[in-house]
Amino acid sequence: MPTLPPGVKTLAQVRKQADPITRVHEAKRLLEFLLVESLPDLEGPDGRDPFLSDYARARESCFSSIRDVMWAIGVRNRLDHPKRGDEPLRPEEIERAGEHLVRAVEDFLPHAPDGVATAAGRQHKSKPKAAPNQAARTRTGAGNKAPDGSGAAMPRGATWPEATFRCPSCKRKFATLAAQQQHTHDAHARKRRSKRRAAAKPKRPRRRKGVLARLVGWVFGK
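Numbering (the numbering used here), first residue to last: 60 to 281.
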């Protein structure tokens with residue numbers, strides 16, 4: 060089984076690293092080890108030795124964000140090889156670079172060789188347990204019959220209790236649901252429909268009589 064070279068730590072150890080700068084370097088070394096093991100024959104431009112950025116570009120489809128990976132590699136290069144005129148890195152930039160490199164390792168582990176990925180700390184997900192068969196769980200009574208509501212098996216010769224269904228309007232009881240629905244429809248649906256129609260019917264506004272009409276009504280007693 061392959062082992063990690065000296066100086067390269069597992070993913071769990073990199074995650075626990077509290078110092079942001081050390082975390083950037085450890086995550087970079089682990090990512091570089093995984094990429095080199097998966098692409099041993101890669102050559103850089105013009106025949107030179109490939110850099111970490113060359114490996115990342117060659118496997119960019121394995122990362123959730125190649126842009127974040129390249130930015131984090133650039134931060135690491137500025138830490139190790141600062142150039143004249145570069146502004147000093149802010150602490151939050153170093154912290155974010157470490158997070159991006161750790162995420163890059165997490166993204167690439169499923170694509171790395173099995174032995175190398177296991178040595179780096181890849182954990183195999185256990186398969187979820189299958190749910191028990193519903194039919195096997197319910198048919199547990201005596202004589203392969205369904206149990207009653209209490210959970211105990213129905214004794215031999217016992218009968219199921221008679222189910223009752225109440226009418227929601229008059230609370231009458233019926234032995235079957237069909238009988239209760241038919242009663243509710245026949246006895247109460249007509250009244251409810253008439254009430255709804257009466258409530259939905261717009262009321263005609265009362266016309267106000269004019270002065271002449273009121274005078275004629277007063278004279279003739281209307």
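Every residue gets a Cβ at the ideal spot worked out from N, C-alpha and C, and that includes glycine.
As the structure is a computational prediction, the values presented were derived from the model and not from experiment.
Query                                                                                                                                                                           : Result
Would you call H140 buried or exposed, if buried means 16 or more other Cβ atoms sit within 10 Å of its Cβ?                                                                     : exposed
Report yes if the CB atom of E152 is closer than 8 angstroms to the CB atom of V134, and no otherwise.                                                                          : yes
Output the distance between the C-alpha atoms of T243 and R225, rounded to the nearest integer angstrom.                                                                        : 10 angstroms
Have a look at S228, T223, P227, A246 and flag the residue whose alpha-carbon is nearest the alpha-carbon of T235.                                                              : T223
Below 6 angstroms CB to CB, which residues in the same chain sit around L274 once its five sequence neighbours on both sides are set aside?                                     : none
Does the distance from the CB of L89 to the CB of K75 come in under 8 angstroms?                                                                                                : no
So L111 and E85 are in contact, right, with Cβ under 8 angstroms, and what is the actual spacing, rounded?                                                                      : In fact, because the Cβ distance is near 14 angstroms, the residues do not count as touching under 8 angstroms.
In the DSSP assignment, find the unbroken alpha helix (DSSP H) run with D145 in it and report its ends.                                                                         : Element bounds for D145: n/a, residue is neither H nor E.
Excluding the five sequence neighbours on either side, which residues of its own chain have a C-beta within less than 6 angstroms of the C-beta of A171, listed in chain order? : L93, S97
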